[in-house]
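These protein sequences, in sequence, are chains U and C. The first sequence: position 234 = 234 (the working numbering), numbered continuously. In short: position in the second sequence from 1, add 269, done, that's the working numbering. The beta carbon of each residue, even a glycine, is placed where N, CA and C say it ideally should be. Note that the structure is a prediction, hence the values are computed from the model and not measured. For reference, the structure is listed below as structure tokens.
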Amino acid sequence: MKENKSDKQLFQSYKNGIKREKKIVFAWQIAILLVFFTVWEVATRMYWIDPLIFSSPSRVFTVIVERLSDGSLFSHVQVTLIETIIGFLVGTLSGIILATMLWSSQRFSDIADPYIVVMNAMPKVALGPIIIVAIGPGYLAIITMGAIISVIVTTLVVFSAFREIDPNYEKVMRSFGATKWQLFKEAVFPAALPAMISTLKVNVGLSWVGVIVGEFLVSKQGLGYLIIYGFQVFDFSLVMSSLVLIAIFAAIMYKVVEKLEKWLIKHSR
Amino acid sequence: MAFLTLDKVTHHYFSSTGYTKALDNISFSVKEGEFVALLGPSGCGKSTVLSIISGIMKQTAGNVFLEQKPITESKMAIGYMLQQDYLFPWKTIENNVLLGPAINRTLTSETKETAQELLEEVGLPGVADKYPSSLSGGMRQRAALVRTLINDPKILLLDEPFSALDYQTKLKLEDLVSKLLKTYQKTAVLVTHDIGEAIAMSDRIIVMDANPGTIASVFDVPIELRDEQPFLVRRHPKYQLLFDRIWNELDQKDTHVTSSQEVQTDERE
Ligand SMILES: Nc1ncnc2c1ncn2[C@@H]1O[C@H](COP(=O)(O)OP(=O)(O)OP(=O)(O)O)[C@@H](O)[C@H]1O
Ligand SMILES: [Mg+2]
């Protein structure tokens, strides 16, 4: 009995140690954030840096509150978020579908190989103007930008995961007389699931790049548009506000995907 | 009457740099209900023979007949068991075991019951809903055995199914497999490195020679040993006699065994 208690005590102190470490890390993170905003605020007030260019936290805060209360910010945030989410989904799903097509035919993948290499090397945002001319300057072009930027990388990663499956699983399936499609469904696809999940996080970040560049070019609506607009009328508080909002929403989206990833891993073993 | 016949089977593996002749003129036949062991040094083509019999691979020359029909036309269920269990880690034991019926679309509540019964018969009650990762090596191999037996295959191909297990587990599984095959009157071909295992389990032992794979000699297991449990065979006086004869046969080979070599086809002038 006595020993049992000391076991528990040891475990308790182990847990307390972890908790304390977490608190210390969190305190540092908050401190850095506060210092950053304070230095920024003070530096602009004391004219160490040009407040016209670098704005200041208080002005950014005022701009955000003002524009939120008069409703003019909301639609921009909404447009950008929707474009990013759709671009992310379309890019990821098309990548997986393309990889499946490559896997299904050795000859097709051999033929497609050089084209995929070129498309992967190509900086996708350079295609922006052509996409806008071809599709028209609207949501569709921006979503295409958000999707196209991640589709080839996803294809490559998922395709190589499909090919890395242990050939002995294939032997097992073939010995039961499985068709190619059954082999894919029962063995290849589930075996590659972790690789697919790991592309999700990367693709969220890529979609933001595509969408913001798309909004720069289309210049109609969205946080990317606000940045370009603020830049043109020399309203850098607006530019900074947009950046802050992008940082916040990109981080939230990343966290959501991270949660989704954990959930998928747990339910797909 | 011969159940399975290999007639002058030759197999080459091709690659861009050359080819390997893995099998040269292999001919033997197996009667219904007979248990044949293939014994030979590493790389002599034992696994290749099994892959060809199972229909997973097509021989480059010669013929394989199952009940007088070429294997390509035979619709007979073949059970193939590999060195490791290759249970799918993302499926429960029950779904792993029911893989064959699922592929052949013969999954009914009856097959599910059979799966339960077989799992109990091999000493795995109450694991149906577990995942392979929570089972020991011996338990997993037993589950793989059930996965093979559930299709009621007329012929079983066993590719060193016990070699990844510890000695004690191996002896127990030998007894189990031997008992099951006798009760269900299955024909079986067992590949092994282990002379003792070959004698303990089989009715006839085919010793192979490497480079290229050929049949060196054939030993009949004495009638007294055939119907005995594998564990008890190892204590029989005749066991040691046969063991020594086979040992000598393999020992002679050893003097000129080299590792397999690929024939380089040099196309440069
Ligand atoms: N996929 C392959 N491509 C090229 N050569 C192969 C391939 N598989 C096997 N070989 C060659 O064919 C020969 C026979 O191989 P096999 O796997 O049938 O031998 P084995 O008797 O089963 O050996 P082990 O006892 O080590 O399992 C070897 O020389 C091997 O190098
Ligand atoms: Mg082998």
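- At a C-beta separation below 7 Å, residue 115(U) has no neighbours in chain C, since its nearest C-beta there lies roughly 23 Å away.
- Three or more pairs of CB atoms, one per stretch, sit closer than 8 Å, so the segment 69 to 85 of chain U contacts the segment 200 to 213 of chain U.
- Within chain U, the residues 171, 172, 174, 175, 176 have their CB atoms less than 9 Å from the CB of residue 349(C), given in chain order.
- In the DSSP assignment, residue 366(C) falls outside any beta strand (DSSP E) and lies within the alpha helix (DSSP H) extending over 362 to 366.
- Remark: the C-beta of residue 428(C) is in contact range of ligand 2, defined as less than 7 Å to any heavy atom.
- Straight-line measurement puts the Cα of residue 80(U) at about 24 Å from the Cα of residue 96(U).
- Not a single C-beta of chain U is nearer than 8 Å to the C-beta of residue 298(C).
- Just measuring C-alpha positions, the residue of 504(C), 455(C), 404(C), 356(C) sitting nearest residue 426(C) is 455(C).
- Residue list for ligand 1: 282(C), 289(C), 291(C), 311(C), 312(C), 313(C), 314(C), 315(C), 316(C), 317(C), 529(C) (CB closer than 5 Å to any heavy atom, chain order).
- Separation of residue 453(C) and residue 189(U) (C-alpha to C-alpha, rounded to the nearest whole angstrom) is 35 Å.
- Residue 350(C) sits in a strand when the DSSP states are folded into three classes.
- Proximity of residue 282(C) to chain U, defined by a Cβ-Cβ separation below 8 Å, is not satisfied.
- Within chain U, the residues whose beta carbon sits less than 9 Å from that of residue 368(C) are 172, 173, 176, 178, 186, listed in sequence order.
- Looking only at 243(U), 256(U), 263(U), 258(U), the smallest Cα-Cα distance to residue 77(U) is reached by 243(U).
- Per the coordinates, the alpha-carbon of residue 259(U) lies some 10 Å from the alpha-carbon of residue 253(U).
- Note on geometry: alpha-carbon atoms of residue 262(U) and residue 371(C) lie some 29 Å from one another.
- From the beta-carbon of residue 168(U), the residues of chain C found nearer than 9 Å are 351, 352, 353, 355.
- Listed along the chain, the chain C residues whose CB falls inside 9 Å of the CB of residue 182(U) are 371, 372.
- Contact of residue 325(C) with chain U is assigned, a C-beta pair being separated by under 8 Å.
- The three-state secondary structure of residue 67(U), taken from DSSP, is helix.
- Counting the other Cβ atoms within 10 Å of the Cβ of residue 280(C) gives 16 or more, which makes it buried.
- Inside the segment 77 to 153 of chain U, DSSP marks whole alpha helix (DSSP H) runs of 4 or more residues at positions 106 to 121, 128 to 135, from first to last along the chain.
- Sequence-distant partners of residue 357(C) (beyond 5 residues in either direction) whose C-beta falls short of 7 Å from its own C-beta, in its chain, are 365.
- Of 58(U), 167(U), 198(U), the smallest CA-CA separation from residue 264(U) is found for 198(U).
- Judged by beta-carbon spacing, residue 465(C) lies within the 8 Å limit of residue 503(C), meaning their Cβ atoms are closer than that value.
- A straight-line Cα-Cα distance of about 45 Å links residue 116(U) and residue 418(C).
- Per DSSP, residue 225(U) is one residue of the alpha helix (DSSP H) stretching across 223 to 232.
- Annotation for residue 436(C): the continuous alpha helix (DSSP H) segment containing it runs 436 to 452.
- Judged by DSSP in its simplified three-state form, residue 404(C) adopts coil rather than helix or strand.
- Counting C-beta pairs with one atom in each stretch, the segment 405 to 417 of chain C and the segment 437 to 445 of chain C have three or more that are closer than 8 Å, which means they touch.
- Collapsing the DSSP output to three states places residue 298(C) in a strand.
- Residue pairing for residue 482(C): DSSP places it in a beta bridge opposite 292(C).
- Within the same chain, 468, 494, 502 come within 7 Å of residue 508(C) by CB-CB distance, once the 5 residues on both sides are set aside.
- Around the beta carbon of residue 291(C), a 10 Å sphere encloses 16 or more other beta carbons of the protein chains shown; the residue is thus reported as buried.
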